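So for the sequence shown, the working numbering puts the first residue at 115; every next one is plus one. Ideal Cβ placement from N, Cα and C applies to all residues, glycine included. Since this is a predicted model, take the numbers as computed values, not measurements.
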Amino acid sequence: MKQKWIAGVGVFAVVSLGILTASGFQNEKDEKPRNEKEIQMYSDTDFAMDTVVMETLYTTGEDKNPLVGETLREVEQTLLSWTNENSQISRLNRAGGASTEVSSELLGYLEMILQLAEDSKGAFDPTLGEIIRLWDISGENPKVPGQEEVETLLQTSGYEKIRLEGKQVTLEEGCTLDLGAIGKGIGCDVIAEELQKQEEITGMILNLGGSSVMAYGQKPDQSQWKVALTDPRDVEGGYLGAIALKGGEFLATSGDYEKYFMEGGKRYHHILDPQTGYPVWNGLTSVTVVCDSGLLADGLSTACFVLGMEDALELLEKYNADGAFADEEHNIYLTAGMEERFELLKNTYTTKLLN
Numbered sequence: 115m116k117q118k119w120i121a122g123v124g125v126f127a128v129v130s131l132g133i134l135t136a137s138g139f140q141n142e143k144d145e146k147p148r149n150e151k152e153i154q155m156y157s158d159t160d161f162a163m164d165t166v167v168m169e170t171l172y173t174t175g176e177d178k179n180p181l182v183g184e185t186l187r188e189v190e191q192t193l194l195s196w197t198n199e200n201s202q203i204s205r206l207n208r209a210g211g212a213s214t215e216v217s218s219e220l221l222g223y224l225e226m227i228l229q230l231a232e233d234s235k236g237a238f239d240p241t242l243g244e245i246i247r248l249w250d251i252s253g254e255n256p257k258v259p260g261q262e263e264v265e266t267l268l269q270t271s272g273y274e275k276i277r278l279e280g281k282q283v284t285l286e287e288g289c290t291l292d293l294g295a296i297g298k299g300i301g302c303d304v305i306a307e308e309l310q311k312q313e314e315i316t317g318m319i320l321n322l323g324g325s326s327v328m329a330y331g332q333k334p335d336q337s338q339w340k341v342a343l344t345d346p347r348d349v350e351g352g353y354l355g356a357i358a359l360k361g362g363e364f365l366a367t368s369g370d371y372e373k374y375f376m377e378g379g380k381r382y383h384h385i386l387d388p389q390t391g392y393p394v395w396n397g398l399t400s401v402t403v404v405c406d407s408g409l410l411a412d413g414l415s416t417a418c419f420v421l422g423m424e425d426a427l428e429l430l431e432k433y434n435a436d437g438a439f440a441d442e443e444h445n446i447y448l449t450a451g452m453e454e455r456f457e458l459l460k461n462t463y464t465t466k467l468l469n
């Protein structure tokens with residue numbers, strides 16, 4: 115019997131619900147200059163990049179939350195979508211082996227992506243789209259494909275089949291790009307860049323689909339941003355811990371509970387091993403990464419899940435990133451930097467420090 119599950123939330127940004135105005139801090143009111151504008155809080159929920167977008171904004175100006183969804187949809191449709199024929203990724207995939215000129219923006223992302231692919235020894239690979247669609251784990255008819263089908267598609271995948279020359283990008287014939295694994299991280303990076311242009315915005319927490327989170331600036335009370343981490347084996351969506359973020363940091367989680375189906379008592383999830391074309395089964399249930407880039411946080415969480423905990427540590431160190439690894443035995447393994455920002459919320463888990 116086949117059961118299919120697609121989790122809607124992997125992490126949830128926890129923020130204060132109060133609007134922080136002078137009336138909330140009467141003792142400070144007389145100390146503020148009369149021309150100082152009050153900080154207001156605005157929260158919103160939207161839908162973009164095929165996922166739920168939640169944001170909480172602190173600003174002395176107008177509510178800019180609606181612009182977040184608009185910006186994310188534009189990034190997806192003009193840059194990242196493999197289904198929109200007008201996007202740059204779609205044009206690359208249709209080029210049939212010919213060189214295609216891309217924007218400086220996309221070129222910069224591709225340079226980072228290929229460097230991460232090389233540094234992770236191929237554990238992160240942006241060319242698995244056709245194999246992902248063969249499994250259809252996020253679709254209407256998930257299935258275990260035949261070994262021959264998988265092996266055929268593996269012959270046309272591999273990050274080494276992407277060549278960058280100036281602004282020209284060439285994919286070997288048959289190879290396609292799919293940036294779904296880092297698309298939300300790119301979205302977080304774009305929003306962070308836009309926020310820097312808005313002087314009236316003092317802080318923001320942005321959550322894309324529960325798997326990618328951006329913290330910007332500060333809350334009015336100067337307290338840390340906190341993100342609750344989902345328990346991968348809690349069917350009711352409970353949280354196993356909370357992670358503190360500073361403004362300018364990004365968090366991403368990759369887990370076998372986000373999108374999967376059960377067949378024959380086995381869990382088939384969406385994180386595929388680029389070497390085999392099959393889901394990764396290494397005892398891990400989720401990997402969470404914190405670093406200074408949304409793209410890298412997304413890519414590193416996927417790469418570290420594929421690599422496994424021991425091999426992932428060198429990669430995290432190279433990118434100055436913090437990591438948390440949850441396993442089937444209800445252990446949470448933390449790098450030193452993650453231990454400083456992690457708070458355990460569920461006593462069914464045990465925390466252990468990674469050396």
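Task: Collapsed DSSP secondary structure at MET163 in the structure displayed - done: Mapped onto the sequence shown, residue 163 falls at position 49. Looking at MET163 - three-state DSSP - the assignment turns out to be coil, as it is neither helix nor strand.
Task: Complete runs of the beta strand (DSSP E) confined to the region 294-345 [at least 3 residues] - done: 315-322, 326-331 and 339-344
Task: For ILE315 and ALA358, the rounded distance between their alpha carbons - done: On the sequence shown, residue 358 is found 244 positions in, with the first residue counted as 1. On the sequence shown, residue 315 is found 201 positions in, with the first residue counted as 1. One C-alpha to the other measures close to 21 Å.
Open item on the list: So, with DSSP's three-state summary, where would you put THR465?
Closed with: Taking the sequence shown and counting its residues from 1, one reaches residue 465 at position 351. Looking at THR465 - three-state DSSP - the assignment turns out to be strand.
Task: Selection from GLY253, CYS302 and PRO256 that minimises the alpha carbon distance to LEU365 - done: By one-based count along the sequence shown, residue 365 stands at place 251. Its Cα nearest to that of LEU365, the residue CYS302 stands out among GLY253, CYS302 and PRO256.
Open item on the list: Using the Cβ count rule (16 or more neighbours within 10 Å means buried), how would you classify ASP292?
Closed with: If you number the sequence shown from 1, residue 292 lands on position 178. Classification of ASP292: buried, given that the 10 Å Cβ count is 16 or more.
Task: CB contact flag (GLY437, THR402, <8 Å) - done: As a working mapping, residue 437 is identified with position 323 in the sequence shown. As a working mapping, residue 402 is identified with position 288 in the sequence shown. The answer is yes: Cβ separation under 8 Å.
Task: Residue closest to ILE246, alpha-carbon to alpha-carbon, out of LYS235, TYR273, LEU268 and SER234 - done: Sequence index remark: in the sequence shown, residue 246 carries index 132 (1-based). The option with the nearest alpha carbon to ILE246 is LEU268.
Task: Local Cβ density within 10 Å of GLU142, reported as buried at 16 or more and exposed below that - done: Here residue 142 corresponds to residue number 28 of the sequence shown, with the count starting at 1. Only weak support is given to the placement of GLU142: the predicted model assigns it a pLDDT of 36, under 50, and the value that follows is read from those uncertain coordinates. Exposed, by the Cβ-count rule.
- [ ] Would you list the residues sitting across from THR173 in a DSSP beta bridge?
- [x] The residue given as residue 173 occupies position 59 in the sequence shown. BP columns for THR173 point to GLN154 and ILE315.
- [ ] State the Cα-Cα distance for the pair VAL258 and TRP249, rounded to the nearest angstrom.
- [x] Taking the first residue of the sequence shown as 1, we reach residue 258 at position 144. Taking the first residue of the sequence shown as 1, we reach residue 249 at position 135. VAL258 and TRP249: Cα-Cα distance of roughly 6 Å.
Task: the region 279-295 contacting the region 237-245, beta-carbon criterion three pairs below 8 Å - done: yes
Task: Start and end residues, beta strand (DSSP E) containing TYR447 - done: What you label residue 447 is simply residue 333 of the sequence shown in a count that begins at 1. Counting along the chain, the beta strand (DSSP E) containing TYR447 begins and ends at 445-448.
Open item on the list: By the three-class DSSP mapping on this structure, what secondary structure does ILE251 have?
Closed with: Within the sequence shown, residue 251 is the residue found at index 137, counting from 1. In this structure, ILE251 counts as coil in the three-state DSSP scheme.
TODO: For my contact list, VAL167 and VAL182 are in at a C-beta cut-off of 8 Å; report their separation, rounded to the angstrom.
DONE: Here residue 167 refers to the residue found at position 53 of the sequence shown. Here residue 182 refers to the residue found at position 68 of the sequence shown. Right, the Cβ-Cβ distance comes to about 7 Å (below 8 Å), so this counts as a contact.
TODO: Taking TYR433 and LEU410 to be in contact with their CB atoms under 8 Å, please state how far apart those CB atoms are, rounded to whole angstroms.
DONE: The residue given as residue 433 occupies position 319 in the sequence shown. The residue given as residue 410 occupies position 296 in the sequence shown. The beta-carbon distance between TYR433 and LEU410, rounded to whole angstroms, is 6 Å. This is short enough to meet the 8 Å contact definition.
Task: Which of helix, strand or coil DSSP assigns to GLY351 - done: As a working mapping, residue 351 is identified with position 237 in the sequence shown. Reduced to three states, the DSSP call for GLY351 is coil.
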